[in-house]
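Enquirer: Numbering (my numbering), first residue to last: 267 to 471.
Cβ atoms here follow ideal geometry from the backbone N, Cα and C, with glycine treated the same way.
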(Lines of atoms letter the chains of each structure in order from A and count residues from 1; the text may use other names and numbers.)
(Lines give C-alpha, C1' and ligand atoms only; values in the text may rest on other atoms or scores of the structure.)
Protein backbone atom coordinates (compact mmCIF):
# COMPACT_ATOMS: atom_id res chain seq x y z
CA UNK A 1 0.00 0.00 0.00
CA UNK A 2 1.46 3.33 -1.05
CA UNK A 3 1.91 6.10 1.48
CA UNK A 4 0.82 9.63 0.66
CA UNK A 5 3.54 12.24 0.29
CA UNK A 6 4.44 13.69 3.66
CA UNK A 7 2.46 11.06 5.58
CA UNK A 8 4.16 8.95 8.28
CA UNK A 9 4.90 5.30 7.60
CA UNK A 10 3.51 2.41 9.63
CA UNK A 11 6.17 2.99 12.30
CA UNK A 12 4.99 6.54 12.80
CA UNK A 13 8.09 8.05 11.15
CA UNK A 14 7.98 10.51 8.26
CA UNK A 15 9.34 9.35 4.93
CA UNK A 16 12.62 11.31 4.46
CA UNK A 17 12.36 11.11 0.67
CA UNK A 18 8.98 12.80 0.83
CA UNK A 19 10.51 15.62 2.89
CA UNK A 20 13.32 16.07 0.37
CA UNK A 21 10.83 16.26 -2.48
CA UNK A 22 8.78 18.86 -0.64
CA UNK A 23 11.85 21.00 0.07
CA UNK A 24 13.02 20.69 -3.54
CA UNK A 25 9.64 21.97 -4.69
CA UNK A 26 9.87 24.79 -2.11
CA UNK A 27 13.26 25.75 -3.58
CA UNK A 28 11.84 25.92 -7.10
CA UNK A 29 8.96 28.08 -5.90
CA UNK A 30 11.34 30.34 -3.95
CA UNK A 31 13.35 30.74 -7.15
CA UNK A 32 10.27 32.00 -8.97
CA UNK A 33 9.43 34.44 -6.17
CA UNK A 34 13.06 35.62 -6.18
CA UNK A 35 12.81 36.25 -9.92
CA UNK A 36 9.75 38.45 -9.42
CA UNK A 37 11.47 40.31 -6.59
CA UNK A 38 14.54 40.82 -8.81
CA UNK A 39 12.46 42.34 -11.60
CA UNK A 40 10.79 44.69 -9.11
CA UNK A 41 14.12 45.79 -7.59
CA UNK A 42 15.62 46.57 -10.99
CA UNK A 43 12.42 48.30 -12.10
CA UNK A 44 12.65 50.53 -9.02
CA UNK A 45 15.88 51.96 -10.44
CA UNK A 46 14.66 52.10 -14.04
CA UNK A 47 11.09 53.41 -13.73
CA UNK A 48 10.40 53.73 -10.01
CA UNK A 49 10.07 57.52 -10.21
CA UNK A 50 7.21 57.28 -12.72
CA UNK A 51 3.65 57.58 -11.42
CA UNK A 52 5.00 58.27 -7.92
CA UNK A 53 3.97 57.09 -5.39
CA UNK A 54 1.70 54.34 -6.76
CA UNK A 55 4.04 52.41 -9.07
CA UNK A 56 7.03 52.89 -6.80
CA UNK A 57 5.17 51.70 -3.72
CA UNK A 58 3.98 48.60 -5.57
CA UNK A 59 7.51 47.79 -6.73
CA UNK A 60 8.88 48.27 -3.21
CA UNK A 61 6.31 45.85 -1.79
CA UNK A 62 7.00 43.19 -4.42
CA UNK A 63 10.76 43.73 -4.44
CA UNK A 64 11.12 43.09 -0.72
CA UNK A 65 8.10 40.98 0.17
CA UNK A 66 8.89 38.22 -2.32
CA UNK A 67 12.37 37.75 -0.83
CA UNK A 68 10.89 36.02 2.22
CA UNK A 69 10.37 32.57 0.61
CA UNK A 70 14.06 32.47 -0.33
CA UNK A 71 15.04 33.30 3.25
CA UNK A 72 12.91 30.41 4.49
CA UNK A 73 14.43 27.94 2.01
CA UNK A 74 17.98 29.01 2.86
CA UNK A 75 17.24 28.54 6.57
CA UNK A 76 16.15 24.95 5.97
CA UNK A 77 19.27 24.24 3.90
CA UNK A 78 21.65 25.83 6.40
CA UNK A 79 20.14 24.49 9.64
CA UNK A 80 21.41 20.89 9.32
CA UNK A 81 24.94 22.22 8.78
CA UNK A 82 25.18 25.03 11.31
CA UNK A 83 22.28 26.14 13.50
CA UNK A 84 23.80 29.44 14.61
CA UNK A 85 24.59 30.52 11.06
CA UNK A 86 21.12 29.54 9.87
CA UNK A 87 19.46 31.53 12.65
CA UNK A 88 21.65 34.59 12.09
CA UNK A 89 21.05 34.44 8.35
CA UNK A 90 17.29 34.23 8.82
CA UNK A 91 17.18 37.06 11.36
CA UNK A 92 19.47 39.26 9.26
CA UNK A 93 17.54 38.50 6.07
CA UNK A 94 14.16 39.25 7.62
CA UNK A 95 15.57 42.43 9.18
CA UNK A 96 17.06 43.47 5.82
CA UNK A 97 13.65 43.06 4.20
CA UNK A 98 11.89 45.08 6.91
CA UNK A 99 14.52 47.83 6.97
CA UNK A 100 14.68 47.87 3.16
CA UNK A 101 10.96 48.61 3.09
CA UNK A 102 11.43 51.34 5.71
CA UNK A 103 14.49 52.83 4.03
CA UNK A 104 12.61 53.02 0.74
CA UNK A 105 10.19 55.54 2.25
CA UNK A 106 12.44 57.22 4.85
CA UNK A 107 15.86 58.45 3.73
CA UNK A 108 17.12 58.56 7.33
CA UNK A 109 16.88 54.76 7.51
CA UNK A 110 18.88 54.08 4.35
CA UNK A 111 22.23 53.54 6.16
CA UNK A 112 20.62 51.02 8.52
CA UNK A 113 19.03 49.23 5.58
CA UNK A 114 22.40 48.99 3.82
CA UNK A 115 24.12 47.72 6.97
CA UNK A 116 21.55 44.96 7.52
CA UNK A 117 21.77 43.99 3.86
CA UNK A 118 25.52 43.71 4.36
CA UNK A 119 25.13 41.52 7.45
CA UNK A 120 22.68 39.26 5.64
CA UNK A 121 24.82 38.86 2.54
CA UNK A 122 28.00 38.36 4.57
CA UNK A 123 26.39 35.64 6.71
CA UNK A 124 24.73 33.92 3.74
CA UNK A 125 27.91 34.08 1.70
CA UNK A 126 30.12 32.70 4.48
CA UNK A 127 27.70 29.85 5.12
CA UNK A 128 27.62 28.92 1.44
CA UNK A 129 31.40 29.17 0.99
CA UNK A 130 32.21 27.16 4.12
CA UNK A 131 29.45 24.54 4.15
CA UNK A 132 28.45 24.27 0.43
CA UNK A 133 24.79 24.71 1.36
CA UNK A 134 24.80 26.80 -1.83
CA UNK A 135 27.53 26.87 -4.51
CA UNK A 136 30.84 28.12 -3.07
CA UNK A 137 31.42 30.64 -5.85
CA UNK A 138 28.01 32.18 -5.24
CA UNK A 139 28.84 32.31 -1.54
CA UNK A 140 32.13 34.14 -2.07
CA UNK A 141 30.47 36.70 -4.35
CA UNK A 142 27.64 37.17 -1.84
CA UNK A 143 30.04 37.71 1.08
CA UNK A 144 31.97 40.26 -1.00
CA UNK A 145 28.71 42.04 -1.75
CA UNK A 146 27.96 42.08 1.97
CA UNK A 147 31.27 43.78 2.72
CA UNK A 148 30.58 46.40 0.05
CA UNK A 149 27.06 47.01 1.39
CA UNK A 150 28.43 47.55 4.91
CA UNK A 151 31.00 50.01 3.55
CA UNK A 152 28.24 51.79 1.62
CA UNK A 153 26.25 52.07 4.87
CA UNK A 154 29.12 53.98 6.47
CA UNK A 155 29.40 56.31 3.48
CA UNK A 156 25.62 56.85 3.35
CA UNK A 157 25.63 57.79 7.04
CA UNK A 158 27.60 60.97 6.34
CA UNK A 159 25.37 64.01 6.72
CA UNK A 160 25.34 66.85 4.23
CA UNK A 161 27.29 68.96 6.72
CA UNK A 162 30.01 66.31 6.94
CA UNK A 163 30.27 66.06 3.17
CA UNK A 164 30.71 69.83 2.97
CA UNK A 165 33.94 69.72 5.00
CA UNK A 166 35.41 66.62 3.37
CA UNK A 167 38.03 66.80 0.63
CA UNK A 168 36.38 66.92 -2.78
CA UNK A 169 37.63 63.48 -3.84
CA UNK A 170 36.13 61.86 -0.72
CA UNK A 171 32.93 63.92 -0.85
CA UNK A 172 32.20 62.68 -4.37
CA UNK A 173 32.40 59.10 -3.13
CA UNK A 174 30.37 59.77 0.02
CA UNK A 175 27.46 61.50 -1.71
CA UNK A 176 26.65 58.75 -4.22
CA UNK A 177 23.09 57.30 -4.11
CA UNK A 178 24.15 54.05 -2.49
CA UNK A 179 20.67 52.96 -1.49
CA UNK A 180 19.41 53.34 -5.06
CA UNK A 181 22.44 51.38 -6.25
CA UNK A 182 21.60 48.68 -3.72
CA UNK A 183 18.26 48.10 -5.46
CA UNK A 184 20.09 47.22 -8.68
CA UNK A 185 22.63 45.10 -6.79
CA UNK A 186 19.90 43.26 -4.87
CA UNK A 187 18.01 42.68 -8.11
CA UNK A 188 21.09 41.17 -9.76
CA UNK A 189 21.74 39.00 -6.69
CA UNK A 190 18.16 37.73 -6.66
CA UNK A 191 18.45 36.81 -10.34
CA UNK A 192 21.58 34.81 -9.50
CA UNK A 193 19.84 33.22 -6.49
CA UNK A 194 16.89 32.16 -8.66
CA UNK A 195 19.34 30.53 -11.08
CA UNK A 196 21.15 28.81 -8.19
CA UNK A 197 17.91 27.38 -6.81
CA UNK A 198 16.98 26.09 -10.26
CA UNK A 199 20.40 24.54 -10.86
CA UNK A 200 20.78 22.96 -7.42
CA UNK A 201 17.29 21.50 -7.38
CA UNK A 202 17.67 20.13 -10.91
CA UNK A 203 20.92 18.41 -9.90
CA UNK A 204 19.22 16.96 -6.81
CA UNK A 205 16.53 15.17 -8.82
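(1) Rounded to the nearest angstrom, what separates residue 307 and residue 367 at their Cα positions?
(2) Can you tell me which of 330, 417, 445, 341 puts its alpha carbon nearest to the alpha carbon of residue 292?
(3) Output the distance between the C-alpha atoms of residue 372 and residue 359, rounded to the nearest integer angstrom.
(4) What residue range is occupied by the uninterrupted alpha helix (DSSP H) comprising residue 363?
(5) Can you give the Cα-Cα distance for residue 396 and residue 416, rounded to whole angstroms?
(6) In angstroms, rounded to a whole number, what distance separates the CA positions of residue 297 and residue 331?
(7) With DSSP run on the structure shown, which of helix, strand or coil describes residue 322?
Expert: Taking the geometry as given:
(1) Reading the chain shown from its first residue, position 41 is the one you call residue 307. Reading the chain shown from its first residue, position 101 is the one you call residue 367. If I take the Cα positions, the gap works out to 11 Å.
(2) Against the chain shown, residue 292 aligns to sequence position 26. When only C-alpha atoms are compared, the closest one is 341.
(3) Residue 372 sits at position 106 when you count from the first residue of the chain shown. Residue 359 sits at position 93 when you count from the first residue of the chain shown. Rounded to whole angstroms, residue 372 to residue 359 spans 19 Å at the Cα level.
(4) Counting from 1 along the chain shown, the entry for residue 363 is found at position 97. Boundaries of the alpha helix (DSSP H) harbouring residue 363: 349–371, taken from the DSSP string.
(5) Here residue 396 refers to the residue found at position 130 when the chain shown is read from its first residue. Here residue 416 refers to the residue found at position 150 when the chain shown is read from its first residue. Cα-Cα distance, rounded: 21 Å.
(6) The residue labelled residue 297 in the question sits at position 31 within the chain shown. The residue labelled residue 331 in the question sits at position 65 within the chain shown. Cα-Cα distance, rounded: 14 Å.
(7) On the chain shown, position 56 is the one that residue 322 refers to. DSSP places residue 322 in helix when its eight states are reduced to three.
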